[in-house]
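Asks:
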Amino acid sequence: GENVEQHPSTLSVQEGDSAVIKCTYSDSASNYFPWYKQELGKGPQLIIDIRSNVGEKKDQRIAVTLNKTAKHFSLHITETQPEDSAVYFCAAVDTGRRALTFGSGTRLQVQP
Amino acid sequence: NAGVTQTPKFQVLKTGQSMTLQCAQDMNHEYMSWYRQDPGMGLRLIHYSVGAGITDQGEVPNGYNVSRSTTEDFPLRLLSAAPSQTSVYFCASSYSASGETQYFGPGTRLLVL
């Protein structure tokens with residue numbers, strides 16, 4: 009089955025700096041890669057996703073890049089704000105198997 | 072739209088007891104799923120469904136049963152609770168039958184003593 013590894017497990021940045029979270033996946037059949045943000049006591053919230061036929065996608069301060077050859081994808085947050093503090097999860101989906109496999113999460117702390 | 076709702080928010084069980092975690096969505100999504108979240112392990116898929124009457128196992132299905140009699144509801148049953156099932160349980164739904172773009176509920180925190 010699919011295995012998704014996520015790094016780092018914790019990340020502390022100063023407000024206004026950029027944050028980068030990296031994930032690798034093992035199954036070359038995976039073709040959809042969402043990122044979720046989870047605030048304390050809440051369910052995960054989809055913030056951005058990318059499909060395997062796209063190399064990069066941006067949405068305001070958030071961007072995701074995908075390298076299919078190397079089987080890794082990354083989340084980039086620019087101009088971080090205190091409200092960006094949360095746990096972020098990457099995931100990979102083999103849409104043929106309809107199964108979402110999550111990374112272990114990154115706790116991002118944005119220091120004011 | 073209420074989105075994905077889950078009840079109860081918190082439950083304490085004794086070992087061997089049974090219970091049902093409720094999940095409902097009002098978005099007419101065909102795909103629904105259950106995950107458990109344990110510290111340091113991310114979320115793991117328990118069971119999923121691509122429509123009424125259709126269910127399938129995920130990564131960690133043992134000890135859990137599901138059924139899907141309507142599009143809206145997807146309950147998760149613990150037949151005989153064990154301490155290893157102490158976790159936070161999340162239900163999710165998607166308009167895509169392939170499991171893309173899943174929307175999550177607020178979760179149920181379960182403690183098994």
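These protein sequences, in sequence, are chains P and H.
The opening position of the first sequence corresponds to residue 9 in this note's numbering, with each subsequent residue numbered one higher.
The opening position of the second sequence corresponds to residue 72 in this note's numbering, with each subsequent residue numbered one higher.
Where is the CB? At the ideal position from N, CA and C, for every residue including glycine.
1. Between the C-alpha atoms of residue 52 (chain P) and residue 155 (chain H), what's the straight-line distance to the nearest angstrom?
2. CA-CA distance, residue 81 (chain H) and residue 29 (chain P)?
3. Assign residue 91 (chain P) to one of three DSSP states: helix, strand, or coil.
4. Alpha carbon to alpha carbon, how far is residue 69 (chain P) from residue 92 (chain P)? Give it in angstroms, no decimals.
5. With a threshold of 9 Å between beta carbons, is residue 178 (chain H) in contact with chain P?
6. Which two residues bound the contiguous beta strand (DSSP E) that contains residue 84 (chain P)?
7. Give the residues from the region 106-125 of chain H that approach chain P closer than 7 Å (Cβ to any Cβ), ordered along the chain.
8. Use the C-beta contact count for residue 163 (chain H): other C-beta atoms within 10 angstroms, 16 or more gives buried, fewer gives exposed.
9. Consult DSSP for residue 120 (chain P) and reduce its assignment to one of helix, strand or coil.
10. Identify, in the order they occur along the chain, each residue of the same chain with its Cβ nearer than 7 Å to the Cβ of residue 24 (chain P), setting aside the five sequence neighbours on each side.
11. What's the gap between the Cα of residue 98 (chain P) and the Cα of residue 111 (chain P)?
12. Name the DSSP bridge partner or partners of residue 183 (chain H)?
13. If you measure from the beta carbon of residue 44 (chain P) to each beta carbon in chain H, is any gap under 9 Å?
14. Please list the partners that residue 185 (chain P) has in chain H, where partner means a Cβ-to-Cβ separation under 8 Å.
15. Once the 5 residues before and after residue 168 (chain H) are set aside, which same chain residues still bring their CB inside 7 Å of it?
16. With distances taken from CA atoms, which of P:100, P:119, P:114 and P:118 is nearest residue 36 (chain P)?
17. List, in order along the chain, the chain H residues whose C-beta lies closer than 7 Å to that of residue 108 (chain P)?
18. Quick one: grab the DSSP three-state call for residue 164 (chain H).
19. Any chance the region 143-161 of chain H sits against the region 118-134 of chain H, with 3 or more Cβ pairs inside 8 Å?
20. By a C-beta neighbour count over all protein chains shown, 10 Å radius and 16 as the cutoff for buried, is residue 107 (chain H) buried or exposed?
21. By the criterion of Cβ-Cβ separation under 9 Å, what are the contact partners of residue 16 (chain P) in chain H?
Replies: Let's see:
1. 22 Å
2. Rounded to whole angstroms, residue 81 (chain H) to residue 29 (chain P) spans 31 Å at the Cα level.
3. Residue 91 (chain P): helix per DSSP, three-state reduction.
4. 11 Å
5. Yes - at least one Cβ of chain P is within 9 Å of the one on residue 178 (chain H).
6. 80-85
7. 111, 112, 113, 114, 116, 119 and 121
8. Within a 10 Å sphere around the beta-carbon of residue 163 (chain H) sit 16 or more other beta-carbons, which makes this residue buried.
9. coil
10. Its chain contains 87 and 88 as the residues whose beta carbon lies nearer than 7 Å to that of residue 24 (chain P), once the 5 sequence neighbours on both sides are disregarded; these appear in chain order.
11. 5 Å
12. H:84
13. yes
14. In the structure as shown, chain P starts at 9 and stops at 120, and residue 185 (chain P) therefore has no counterpart that could be examined.
15. 101, 102 and 121
16. P:100
17. 116, 170 and 173
18. strand
19. yes
20. buried
21. Near residue 16 (chain P) there are no residues of chain H at all, since even the closest Cβ is about 13 Å away, more than 9 Å.
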